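K.L.:
Numbering (UniProt numbering), first residue to last: 1 to 309.
1) For residue 209, which residues in the same chain have their Cβ closer than 8 angstroms to its Cβ, ignoring the five residues on either side in sequence?
2) Does residue 235 come out as helix, strand or coil in the three-state DSSP assignment?
3) Residue 166 to residue 15, Cα distance in whole Å?
4) Would you list the one or two residues that DSSP bridges to residue 18?
5) Pick out whichever of 57, 172, 161, 164 has its Cα sitting closest to the Cα of residue 77.
6) Work out the CA separation of residue 72 and residue 9 for me, nearest whole Å.
7) Apart from the five residues on each side of it in sequence, which residues of its chain come closer than 8 angstroms, Cβ to Cβ, to residue 47?
8) Assuming residue 170 is part of the beta strand (DSSP E), what are its boundary residues?
9) Determine contact between the region 20-39 and the region 216-235, defined as no fewer than three beta-carbon pairs at a distance below 8 angstroms.
10) Helix, strand or coil, according to DSSP, for residue 257 in the structure here?
11) Relative to the alpha-carbon of residue 286, which residue among 251, 61, 157, 177 has its alpha-carbon at the smallest distance?
12) Using DSSP with H/G/I as helix, E/B as strand and the rest coil, what is residue 310?
13) If residue 62 and residue 157 are in contact, beta carbons under 8 angstroms, what's the gap, nearest whole angstrom?
14) Quick check: residue 33 and residue 183, are their CB atoms within less than 8 angstroms of each other?
15) Do residue 262 and residue 226 count as a contact pair if the criterion is CB distance below 8 angstroms?
16) To which residues of the same chain is residue 159 closer than 7 angstroms at the C-beta, ignoring the five residues directly before and after it?
17) Relative to the C-alpha of residue 198, which candidate in 273, 186, 220, 212 has its C-alpha closest?
18) Residues in its own chain within less than 7 angstroms of residue 242 by CB, not counting five upstream and five downstream?
19) DSSP three-state label for residue 326, please.
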């Protein structure tokens with residue numbers, strides 16, 4: 001998730017805005033715009049880099065959409081312009097608009113390695129044959145998993161699979177999730193993404209966990225804003241204070257503190273002009289963050305915060 005702690009915070013404080021959905025039936029005939037790049041990484045890691053399995057997962061998902069009278073549009077980020085064997089690496093550089101993608105990839109990779117190691121260790125211990133050799137085998141398997149890379153040819157294979165099924169597939173120069181939001185035309189449109197960043201970008205609603213057997217999660221932006229008593233601008237300020245992947249982060253401010261700050265001050269600018277910020281800025285741990293970010297004073301840090309808006 002691009003905004004650390006946001007979803008758990010919403011679950012705890014405003015559980016009513018998160019709808020558990022058993023099937024895709026309620027979304028029949030609605031426009032679903034799918035973050036294809038984000039989904040591709042998830043399927044690739046779940047398939048241990050097997051692109052045939054990855055393509056099959058996309059085909060299976062598309063079949064489920066159509067079974068429920070849904071014709072989704074998939075958006076994929078264009079490959080990098082670097083040339084090389086295999087057509088260049090699709091991995092997005094860690095910039096403001098794309099930093100969350102790398103963090104999510106790293107998190108998924110870590111989860112995969114831990115899960116794979118646990119399964120193998122349990123199997124080995126169950127056989128009663130755990131020794132140094134089998135320990136090295138497990139380690140080697142984990143290291144190999146970490147080396148999964150996606151090339152533009154790999155992505156093209158997935159895109160071709162969807163295209164052969166007559167699916168609407170589009171390339172974008174933007175972050176795929178942002179492009180999904182940009183293409184929304186009405187409040188009934190839904191962005192399919194596991195990252196709730198889409199709500200911050202302005203998506204009317206987000207549908208998560210479409211690839212999970214545990215059930216879907218549906219969040220409508222207006223319901224969330226009403227529950228938090230925030231305007232859209234205040235919600236964006238709240239998320240910036242939470243620590244977006246592409247902003248500086250003030251230590252000691254997570255979703256709970258950020259929520260209280262925006263409730264009280266109603267904007268980042270008002271908070272930064274308040275005594276509350278001055279007290280926070282005087283703490284040694286904050287001073288270290290300011291120095292690390294290249295700021296000589298809280299005023300410079302303030303300017304960075306305002307620029308992110």
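For every residue, glycine included, the Cβ atom is placed at its ideal position computed from N, Cα and C.
As the structure is a prediction and not an experimental result, all values here were calculated from the model.
P.N.:
Judging by the given coordinates:
1) Position 209 of the chain shown, counted from the start, is the residue given in the question as residue 209. Listed in chain order, the non-local C-beta contacts of residue 209 below 8 angstroms within the same chain comprise 194, 215, 216, 217, local neighbours out to five positions each way being set aside.
2) Here residue 235 is taken as the residue at index 235 of the chain shown, counted from 1. Residue state, collapsed to three classes: helix.
3) Your numbering for residue 166 matches position 166 in the chain shown. Your numbering for residue 15 matches position 15 in the chain shown. Each residue's Cα considered, the two are about 38 angstroms apart.
4) The residue given as residue 18 occupies position 18 in the chain shown. Per DSSP, 219.
5) Counted from its first residue, the chain shown places residue 77 at position 77. With distances taken between Cα atoms, residue 77 lies closest to 172.
6) Walking along the chain shown from the start, residue 9 turns up at place 9. Walking along the chain shown from the start, residue 72 turns up at place 72. The alpha-carbon atoms of residue 9 and residue 72 are separated by roughly 30 angstroms.
7) Translated into positions along the chain shown, residue 47 becomes position 47. Only 53, 54, 57 meet the Cβ criterion.
8) Here residue 170 refers to the residue found at position 170 of the chain shown. Per DSSP, the unbroken beta strand (DSSP E) holding residue 170 starts and ends at 168-172.
9) Segments in contact, yes.
10) The residue you call residue 257 lines up with position 257 of the chain shown. Looking at residue 257 - three-state DSSP - the assignment turns out to be helix.
11) Within the chain shown, residue 286 is the residue found at index 286, counting from 1. Comparing C-alpha distances from residue 286 to each of 251, 61, 157, 177 shows the shortest one belongs to 251.
12) Because residue 310 is not part of the residues shown, which for the chain are 1 to 309, the question remains open.
13) As a working note, residue 62 is residue 62 in the chain shown. As a working note, residue 157 is residue 157 in the chain shown. Cβ-Cβ separation between residue 62 and residue 157: approximately 15 angstroms, too far for a contact (criterion under 8 angstroms).
14) Here residue 33 corresponds to residue number 33 of the chain shown, with the count starting at 1. Here residue 183 corresponds to residue number 183 of the chain shown, with the count starting at 1. When the beta-carbon positions are compared, residue 33 and residue 183 come within less than 8 angstroms of each other.
15) The residue labelled residue 226 in the question sits at position 226 within the chain shown. The residue labelled residue 262 in the question sits at position 262 within the chain shown. Cβ atoms of residue 226 and residue 262: not closer than 8 angstroms.
16) In the chain shown, residue 159 corresponds to position 159, counting from 1. Once the five neighbours on either side are set aside, the close Cβ partners of residue 159 are 76, 169.
17) Here residue 198 refers to the residue found at position 198 when the chain shown is read from its first residue. Comparing C-alpha distances from residue 198 to each of 273, 186, 220, 212 shows the shortest one belongs to 220.
18) Numbered from its first residue, the chain shown carries residue 242 at position 242. If we look at residue 242 and ignore the five residues flanking it on each side, its Cβ neighbours are 3, 4, 5, 6, 254, 255, 258.
19) Outside the modelled stretch of the chain, which goes from 1 to 309, sits residue 326, for which no answer is possible.
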